[in-house]
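Trainee: Could you have a look at this structure, given as structure tokens, before my questions?
Number of protein chains: 2
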Amino acid sequence: MSNPLILVTNDDGITAPGIAALIEVASEFGEVLVVAPDSPQSAKGHAITISNPLRLNRTGIYGDIAAYECNGTPVDCVKLAKHVLVKREIDLCVSGINHGSNASINIIYSGTMSAAMEASLEGTNSIGFSLCNFSHAADMSLARKVARSIISRSLSKGFPGNARLLNVNIPDVSIEDCRGIRVCRQANANWEENFQVGLDPRKQEYYWLTGDFVNYDQGTDTDLYALDHNYVSVVPSMHDLTYHQYINEFKFLED
Amino acid sequence: MSNPLILVTNDDGITAPGIAALIEVASEFGEVLVVAPDSPQSAKGHAITISNPLRLNRTGIYGDIAAYECNGTPVDCVKLAKHVLVKREIDLCVSGINHGSNASINIIYSGTMSAAMEASLEGTNSIGFSLCNFSHAADMSLARKVARSIISRSLSKGFPGNARLLNVNIPDVSIEDCRGIRVCRQANANWEENFQVGLDPRKQEYYWLTGDFVNYDQGTDTDLYALDHNYVSVVPSMHDLTYHQYINEFKFLED
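For the record, the sequence lines run as chains A and B.
Numbers 186 to 440, taken from this note's numbering, label the letters of the first sequence in order.
Numbers 186 to 440, taken from this note's numbering, label the letters of the second sequence in order.
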């Protein structure tokens with residue numbers, strides 16, 4: 186593919202170190218268009234903005250690269266890129282590099298993955314990259330190397346069949362300690378939630394979400410297993426939420 | 186099940202006619218707890234609030250029924266209900282009745298379905314109900330009848346196996362014209378998006394999301410087919426987004 190058009194977005198906001206790293210890597214492969222939120226949008230899931238107008242503001246923070254900040258959600262950014270900004274097909278959408286894991290069930294809360302899923306829904310091959318470290322000061326060396334490898338192979342080989350979406354998570358280890366890349370399934374895990382309860386300065390009670398992540402899955406073919414063993418996890422993902430094997434078993438609801 | 190505890194939530198806000206109808210129906214079956222957003226939260230997807238405190242305010246708008254409005258998203262409401270408010274297991278979570286369809290791909294944008302999915306993730310049988318009419322003045326007669334039937338059967342028979350989530354959509358027809366209930370799969374359909382572009386009073390450009398819903402799926406076993414033929418659609422749903430059949434085909438990404 187000569188000079189592919191690569192859309193870069195994220196949910197941590199256009200100034201986050203993770204998207205800066207991803208823009209740098211993507212620029213090695215073709216023309217880059219950046220459309221990303223103007224403020225952090227973590228945990229926004231697949232939210233879209235329907236009751237308010239959206240704004241796009243071209244910024245010069247990435248030099249000559251066309252970079253727009255948007256007041257909407259990550260999914261809004263992708264929709265605006267595809268339907269307002271681009272003049273030709275987007276060849277690949279990359280989202281991230283997220284500051285924090287989006288493995289397992291985190292895919293449904295994640296703005297990073299929802300942005301990538303939105304592009305995939307509209308037929309564009311898409312990859313979400315996440316580093317398992319929440320700090321904006323985290324070492325991005327391995328994440329850059331992984332992004333370079335996966336973007337390169339995705340552009341040269343394409344995606345098989347109807348697959349359009351990859352959820353890539355990168356362990357928080359050095360390049361030397363990473364044992365490679367494993368293609369795997371989403372682990373069955375979840376947050377065991379809790380709320381910190383407090384009183385605000387006006388003595389009104391508030392609740393603040395907190396919780397522990399718990400893996401219920403003993404499989405060795407999961408993303409969490411791969412990450413725990415210092416592999417990069419790649420989960421081919423999609424948007425059909427039908428629980429197919431239970432369709433017949435729910436026939437008792439029919440009249 | 187004697188006096189089951191039923192959690193009622195939605196995304197249109199605690200004062201919407203749809204949730205009022207659902208509260209009325211649910212109250213026929215057991216103890217009802219309502220926790221719903223204090224303002225409309227449509228299209229919020231699986232968003233959660235992590236950077237701000239949440240508030241719960243008990244309201245008397247549903248008489249003796251315990252009803253709380255919350256400043257968070259639909260998913261936040263479910264988490265607060267489960268982890269702050271309830272003293273015993275929730276037997277069933279019902280979300281809606283949404284004003285507007287959540288069939289097919291709308292499940293991933295929908296706050297109504299995300300709230301139900303959140304409860305299902307935490308092990309509670311959950312049902313999202315949506316009426317295919319956006320008007321708050323829509324006739325809810327069929328929707329009430331369907332909710333009554335499905336809640337009744339779900340409480341008496343339980344859900345099979347690991348199934349925890351149903352996406353129920355109700356056609357916008359009279360009770361007489363409804364042909365029954367069909368258990369089906371999510372259709373492959375999507376929004377073909379567009380943006381209305383305008384100038385605000387200060388001559389700044391804005392973009393406002395609009396679009397047409399397009400069904401690419403010729404199957405007769407889908408939710409959209411059922412609804413088009415005046416059936417209620419019930420899609421057993423889940424949260425594993427792995428595209429299992431493509432795991433092996435992506436092995437070319439491994440080192």
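Glycine included, C-beta positions come from ideal geometry on N, C-alpha and C.
(1) What's the call for L384 (chain A), buried or exposed, on a 16-neighbour Cβ count within 10 Å?
(2) Which of the three DSSP states, helix, strand or coil, is assigned to L438 (chain A)?
(3) Got a sec, what are the start and stop residues for the alpha helix (DSSP H) R243 (chain B) sits in?
(4) By DSSP's criteria, R333 (chain A) is part of a beta bridge. Which residues make up the other side?
(5) V399 (chain A): buried (16+ other C-beta within 10 angstroms of its C-beta) or exposed?
(6) When you compare the CB positions of C317 (chain B) and I290 (chain B), do they come within less than 8 Å of one another, or not?
(7) Counting only Cβ pairs nearer than 9 Å, list the residues of chain A close to A348 (chain B).
(8) Can you look up G296 (chain B) in the DSSP assignment and give me helix, strand or coil?
(9) Got a sec: is the Cβ-Cβ distance from M423 (chain A) to anything in chain B below 8 Å?
(10) Using a 10 Å radius around the Cβ and a threshold of 16 neighbouring Cβ atoms, would you call D362 (chain A) buried or exposed?
(11) Can you confirm whether T234 (chain B), when its beta carbon is compared against all beta carbons of chain A, has any partner nearer than 8 Å?
(12) Would you mind telling me which residues of chain B sit closer than 9 Å to I335 (chain A), beta carbon to beta carbon, in chain order?
(13) Where are the alpha helix (DSSP H) runs, 4 residues long or more, that stay fully inside the region 231-316 of chain B, in chain order?
(14) Tell me, please, which residues DSSP counts as bridged to L192 (chain A).
(15) Using a beta-carbon distance below 8 Å, is R367 (chain B) in contact with chain A?
(16) DSSP three-state label for E209 (chain B), please.
(17) For my contact list, D196 (chain B) and S311 (chain B) are in at a C-beta cut-off of 8 Å; report their separation, rounded to the angstrom.
(18) The region 187-212 of chain B: which residues have C-beta closer than 9 Å to a C-beta of chain A, in chain order?
(19) Please determine, among A:T405, A:A411, A:E378 and A:R273, the residue with the shortest C-alpha to C-alpha distance to S286 (chain A).
(20) Report the residue from A:E216, A:D261, A:Q430 and A:I366 whose alpha carbon sits nearest the alpha carbon of R240 (chain A).
(21) Determine, using beta carbons only, whether L327 (chain A) comes closer than 8 Å to chain B.
(22) Pick helix, strand or coil for A411 (chain B), following the three-state DSSP scheme.
(23) Indicate whether at least one CB of chain B lies closer than 8 Å to the CB of R370 (chain A).
(24) Whole angstroms are fine: how far does the CA of L218 (chain B) sit from the CA of I152 (chain B)?
(25) Would you mind working out which of B:V368, B:F437 and B:D324 sits nearest I432 (chain A), comparing C-alpha positions?
(26) Along chain A, which residues have their Cβ under 8 Å away from the Cβ of N375 (chain B)?
(27) Residues in its own chain within less than 7 Å of L265 (chain A) by CB, not counting five upstream and five downstream?
(28) Where does G355 (chain B) fall in DSSP's three states?
(29) Determine which residues share a DSSP beta bridge with Y391 (chain A) and list them.
(30) So if I threshold CB-CB distances at 9 Å, which residues from the region 227-254 of chain B count as touching chain C?
(31) Listing by chain order, which chain A residues have their CB less than 8 Å from the CB of F380 (chain B)?
(32) Measuring only the C-alpha atoms, how far is E274 (chain B) from I275 (chain A)?
(33) From the DSSP output, in three-state form, read off G203 (chain A) for me.
(34) Can you tell which of A:A328, A:V193 and A:R387 has the C-alpha that lies nearest to the C-alpha of I366 (chain A)?
(35) Give me the Cβ distance between M298 (chain B) and N347 (chain B), rounded to the nearest whole Å; I'm assuming they're in contact under 8 Å.
Mentor: In short, the structure shows the following:
(1) Taking the first residue of the first sequence as position 1, residue 384 (chain A) is located at position 199. So L384 (chain A) counts as exposed.
(2) For the purposes of this step, residue 438 (chain A) is taken as residue 253 along the first sequence, with counting starting at 1. Reduced to three states, the DSSP call for L438 (chain A) is helix.
(3) Locating residue 243 (chain B) in the second sequence gives position 58, where the first residue counts as 1. R243 (chain B) -> not in any alpha helix (DSSP H); beta strand (DSSP E) instead, spanning L241 to T244.
(4) Locating residue 333 (chain A) in the first sequence gives position 148, where the first residue counts as 1. According to DSSP, R333 (chain A) bridges with nothing at all.
(5) Taking the first sequence and counting its residues from 1, the one referred to as residue 399 (chain A) is at position 214. Exposed is the call here.
(6) Residue numbering aside, residue 317 (chain B) sits at position 132 when the second sequence is read from its first letter. Residue numbering aside, residue 290 (chain B) sits at position 105 when the second sequence is read from its first letter. No, they are not a contact pair.
(7) The sequence position of residue 348 (chain B) within the second sequence is 163, counting from 1. Within chain A, the residues near A348 (chain B) are Y428, Q430, Y431, E434 and F435.
(8) What you label residue 296 (chain B) is simply residue 111 of the second sequence in a count that begins at 1. Helix, per DSSP.
(9) If you number the first sequence from 1, residue 423 (chain A) lands on position 238. Interface residue, yes.
(10) Position 177 of the first sequence, counting from 1, holds the residue named residue 362 (chain A). Under this definition D362 (chain A) is an exposed residue.
(11) On the second sequence, position 49 is the one that residue 234 (chain B) refers to. Yes, its Cβ sits closer than 8 Å to a Cβ of chain A.
(12) Locating residue 335 (chain A) in the first sequence gives position 150, counting from the first residue. Those are L438, listed as they occur along chain B.
(13) 259-265, 291-294 and 296-306
(14) Counted from its first residue, the first sequence places residue 192 (chain A) at position 7. A:L218 and A:C278.
(15) Residue 367 (chain B) sits at position 182 when you count from the first residue of the second sequence. Yes, R367 (chain B) counts as interfacial toward chain A.
(16) As a working mapping, residue 209 (chain B) is identified with position 24 in the second sequence. Looking at E209 (chain B) - three-state DSSP - the assignment turns out to be helix.
(17) Counted from its first residue, the second sequence places residue 196 (chain B) at position 11. Counted from its first residue, the second sequence places residue 311 (chain B) at position 126. Not a contact, Cβ separation roughly 14 Å.
(18) none
(19) As a working note, residue 286 (chain A) is residue 101 in the first sequence. With distances taken between Cα atoms, S286 (chain A) lies closest to A:A411.
(20) As a working mapping, residue 240 (chain A) is identified with position 55 in the first sequence. Among A:E216, A:D261, A:Q430 and A:I366, the Cα nearest to that of R240 (chain A) is on A:D261.
(21) Here residue 327 (chain A) is taken as the residue at index 142 of the first sequence, counted from 1. So no, L327 (chain A) is outside the interface.
(22) The count along the second sequence starts at 1 and reaches residue 411 (chain B) at position 226. In this structure, A411 (chain B) counts as helix in the three-state DSSP scheme.
(23) Taking the first sequence and counting its residues from 1, one reaches residue 370 (chain A) at position 185. With 8 Å as the cut-off, R370 (chain A) counts as an interface residue toward chain B.
(24) As displayed, chain B neither begins before 186 nor continues past 440, which places residue 152 (chain B) out of reach and without an answer.
(25) The residue you call residue 432 (chain A) lines up with position 247 of the first sequence. That would be B:V368, whose Cα lies nearest to the Cα of I432 (chain A).
(26) Reading the second sequence from its first residue, position 190 is the one you call residue 375 (chain B). Within 8 Å Cβ-Cβ: L306 and E307.
(27) Stepping through the first sequence from its first residue, residue 265 (chain A) is reached at position 80. Cβ neighbours of L265 (chain A) beyond the five flanking positions: V220, L239, L241 and C255.
(28) Counting from 1 along the second sequence, the entry for residue 355 (chain B) is found at position 170. The amino acid occupying residue 355 (chain B) in the given sequence is Ile; Gly does not appear at that position. Correct three-state label for I355 (chain B): strand.
(29) Start at 1 with the first residue of the first sequence, and residue 391 (chain A) comes out as number 206. Answer is A:G383.
(30) Of the protein chains in the structure, A and B, none is chain C.
(31) Here residue 380 (chain B) corresponds to residue number 195 of the second sequence, with the count starting at 1. Those are L239, K264, L265, H268 and V269, listed as they occur along chain A.
(32) As a first step, residue 274 (chain B) must be located in the second sequence, where it is residue number 89. As a first step, residue 275 (chain A) must be located in the first sequence, where it is residue number 90. E274 (chain B) and I275 (chain A): Cα-Cα distance of roughly 48 Å.
(33) In the first sequence, residue 203 (chain A) corresponds to position 18, counting from 1. G203 (chain A): helix per DSSP, three-state reduction.
(34) Counted from its first residue, the first sequence places residue 366 (chain A) at position 181. Checked all of A:A328, A:V193 and A:R387; the closest Cα to I366 (chain A) is A:A328.
(35) Against the second sequence, residue 298 (chain B) aligns to sequence position 113. Against the second sequence, residue 347 (chain B) aligns to sequence position 162. 18 Å between Cβ atoms; not a contact.
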